[in-house]
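For the sequence shown, full-length UniProt numbering begins at 1 and goes up steadily by one.
Every residue, glycine too, gets a C-beta built ideally from N, C-alpha and C.
The structure presented is a predicted model; accordingly, all values stated were derived computationally and were not measured.
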Amino acid sequence: MNTLVWLAFGLGWAAVFLVSFLIDRRRLRNGVYLVFALFFLGFGALGSLGSLAVIPLVLLAIAVPLTTVALTVFLFVNGLTMIRREGLRPSSVLTTLAGLVIVGFFVLALTALGTRNQVLVSVMISIAGMLFYISFVFCCFLAYSVFYGRVRQRRDVDFVVVLGAGLIRGEVSRLLAGRLDRGRQVWEQVRGRGGAPLMITSGGQGPDEPVSEARAMADYLISTGVPAEAVLLEDKSTTTLENLTFSRQIMLKDKPDYRCTIVTSNYHVLRAALYARRAKVNGQVLGAPTARYFWPNAFLREFVAVLVEHRVKNIVLCLMFGAVGLLGLIKGA
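What follows is the structure, given as structure tokens:
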């Protein structure tokens, strides 16, 4: 394909991304537009190198298998770190499972290609198609999460909403403290510009918790210097969507034309933004730093949650991509 055609497609997708982003940045489809734009612009840039384009292509061909091996090792190491620090439970083994999927696929591929068994080859192609789809969606989710998390948020807000997380023996965990500290920073910045924002701590009370998350969060903020009268509690929610829905009701009651910033952990930013859009909250989401060892597993959990929420569409598309191998089996029969 001509270099100008690649660049034209890239600029076209970039324009679509920009328009969609300006309409509402809290859309998952923005990630698809962004990846398409980067893909076409990248190949357009390679084409502009002329005969020198072979150099980055060779480097890419070398980097792909090496990166795959490095990624697999990283996933296993991170999985072991998660299990050692957080304990063995379903939410702690996602990176390990991802590593096993990669290893399992390559074992299948080597077996299929080595034996030249038509059934195994078709199964391999089907699984490769499904993995390609999931990998593409993951790249879109990751790219847009990183992009969204780095976009400057407005600071002239009326409310700073901090989303809750589980308590430890009735006390704020380090993860939750990170969110609260980030929220307090935003609150202080708005006050420094002459604003008078209120903070909303959002989180209900679990069956094994002596107090609600909102109450524990409010106590933490007050202990760090935030006036009690500047903190409102939303203590009825049990999910992120309820966090945002009930917090919106509080904000609407206090100021119908409110603007807010929502604070959560950095791995949770994009999914929280999707929920904020669904709950019709007038605000964007800001991420608080998370421990490096914790981020990969937590981010994978967010991605899986988004896949499950749109499971019908994703299952259909997975089957469509996987059908290629089955068609090959039928054709070869």
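Which stretch, first to last residue, makes up the beta strand (DSSP E) that contains residue i?
{"i": "A276", "result": "Run containing A276: none in the beta strand (DSSP E); it sits in the alpha helix (DSSP H), 269 to 278."}
{"i": "E234", "result": "231 to 234"}
What are the residues that DSSP puts in a beta bridge with residue i?
{"i": "V285", "result": "I262"}
What is the DSSP secondary structure of residue i, counted as helix, strand or coil?
{"i": "V201", "result": "One point to set straight first is that residue 201 is Thr, not Val, in the sequence displayed. Strand."}
{"i": "E309", "result": "helix"}
{"i": "F159", "result": "strand"}
{"i": "D24", "result": "coil"}
{"i": "R301", "result": "helix"}
{"i": "E209", "result": "coil"}
{"i": "S92", "result": "helix"}
{"i": "Y293", "result": "coil"}
{"i": "Q153", "result": "coil"}
{"i": "D219", "result": "helix"}
{"i": "T111", "result": "helix"}
{"i": "A196", "result": "coil"}
{"i": "L97", "result": "helix"}
{"i": "residue 382", "result": "No answer is possible for residue 382: it lies beyond the span of the chain, which begins at 1 and ends at 333."}
{"i": "V121", "result": "helix"}
{"i": "G225", "result": "coil"}
{"i": "S135", "result": "helix"}
{"i": "S145", "result": "helix"}
In chain order, what residues of the same chain have a beta carbon less than 8 angstroms from the beta carbon of residue i, not counting five sequence neighbours either side?
{"i": "A323", "result": "S126, G129"}
{"i": "L317", "result": "Y133"}
{"i": "F136", "result": "V35"}
{"i": "A272", "result": "L163, T240, L244, I262, T264, V285"}
{"i": "C140", "result": "L28, G31, V32, L34, V35"}
{"i": "L120", "result": "L108, T111, A112"}
Determine the extent of the alpha helix (DSSP H) in which residue i is found, giving its start and end residues.
{"i": "L167", "result": "Segment: none, L167 is in no alpha helix (DSSP H) and carries neither H nor E."}
{"i": "P65", "result": "54 to 86"}
{"i": "N2", "result": "Segment: none, N2 is in no alpha helix (DSSP H) and carries neither H nor E."}
{"i": "D181", "result": "174 to 192"}
{"i": "K253", "result": "240 to 254"}
{"i": "R116", "result": "Neither: R116 is in no alpha helix (DSSP H) and is coded neither H nor E."}
{"i": "L38", "result": "29 to 47"}
Short of 6 angstroms in beta carbon distance, which residues of its chain neighbour residue i, apart from the five on each side in sequence? Order them along the chain.
{"i": "L41", "result": "G10"}
{"i": "I83", "result": "S92"}
{"i": "V186", "result": "V160, T261"}
{"i": "N297", "result": "M82, L94, T95"}
{"i": "L7", "result": "G44"}
{"i": "V231", "result": "M199, A218, L221"}
{"i": "I210", "result": "Looking at the sequence shown, residue 210 is not Ile but Pro. G170."}
{"i": "K255", "result": "D158"}
{"i": "A165", "result": "L175, L176"}
{"i": "V16", "result": "Y33"}
Considering only residues of the same chain and omitting the five flanking positions on each side of residue i, which have a CB-CB separation below 7 angstroms?
{"i": "L233", "result": "T201, A214, R215, A218"}
{"i": "V103", "result": "T72"}
{"i": "R85", "result": "Y293"}
{"i": "T224", "result": "R184"}
{"i": "Y148", "result": "R25, V269, L270, A273"}
{"i": "Y267", "result": "T290, W295, A298, F299, E302"}
{"i": "W13", "result": "Y33, F36, A37, F40"}
{"i": "L307", "result": "N314"}
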